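In the numbering used here, the protein residues as written are 4 to 119.
Beta carbons: idealized from backbone N, C-alpha and C, even for Gly.
Since this is a predicted model, take the numbers as computed values, not measurements.
Heads up, the thing below is written out as structure tokens.
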Amino acid sequence: MESLVKFVQDEFVTRKDFPEFSAGDTITVYYEIKEGNKTRTQFFRGVVIQRKGSGTSETFTIRKMSGSIGVERIFPINLPALQKIEVNKRGKVRRARIYYFRGLTGKKARIKEKRR
């Protein structure tokens, strides 16, 4: 039964080609917002806290600082409103889910950039 569900999801859900990114990377997500009968593009730039799930139900969480308040947003990978994802910086972290990042402030909240 599970293989049948996976087959149907893979066949009918259109996948967009986004760049590879992981926890610790700083990315910009461009997504479409509908206001009445108008649509506009808005972006959300922040650090990837985690990637969760697989296949069509995969999501990723981004955290940014808005003033002194932390704002987190969860995006499904297959969200039709997602237009593009840009990887701004590759971060060097040793965990797949960096929840500890929520408690850090100031200079401690910096993530080293991965050497290429």
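Q: Tell me where the beta strand (DSSP E) around I52 begins and ends.
A: K41 to K55
**Q.** Which listed residue (Q86, V8, E61 and F47) has its alpha carbon closest to that of E35
**A.** Check the Cα spacing between E35 and each of Q86, V8, E61 and F47: the tightest is with Q86.
(Q) Once DSSP output is grouped into helix, strand and coil, what is the label at R105? (A) helix
Q.
Taking the alpha carbon of G56 as the reference point, which residue from F10, G106, R118 and A99 has its own alpha carbon closest?
A. A99
Q: Assuming I65 and G49 form a contact by the criterion Cβ under 8 Å, report the distance between their Cβ atoms to the nearest whole angstrom.
A: 4 Å
Q.
Taking 6 Å as the limit between beta carbons, can you name the residues of its chain near P79, skipping five residues before and five after?
A. T62
**Q.** Other residues of its chain near E89: CB distance less than 6 Å, five sequence neighbours each side excluded
**A.** Leaving aside the five residues that flank E89 on each side, the residues in its chain whose CB is nearer than 6 Å to its CB run, in chain order, T31.
Q) Between R93 and the rest of its own chain, which residues show a CB-CB distance below 6 Å, the 5 nearest in sequence each way excluded? A) By the criterion of a C-beta distance shorter than 6 Å, R93 is surrounded in its chain by D28 and K117, once the five residues flanking it on both sides are discounted.
**Q.** Beta-bridge pairing of R66 - partner residues as DSSP gives them
**A.** V50 and E75
**Q.** C-beta contact flag for A84 and R54 at 8 Å
**A.** no
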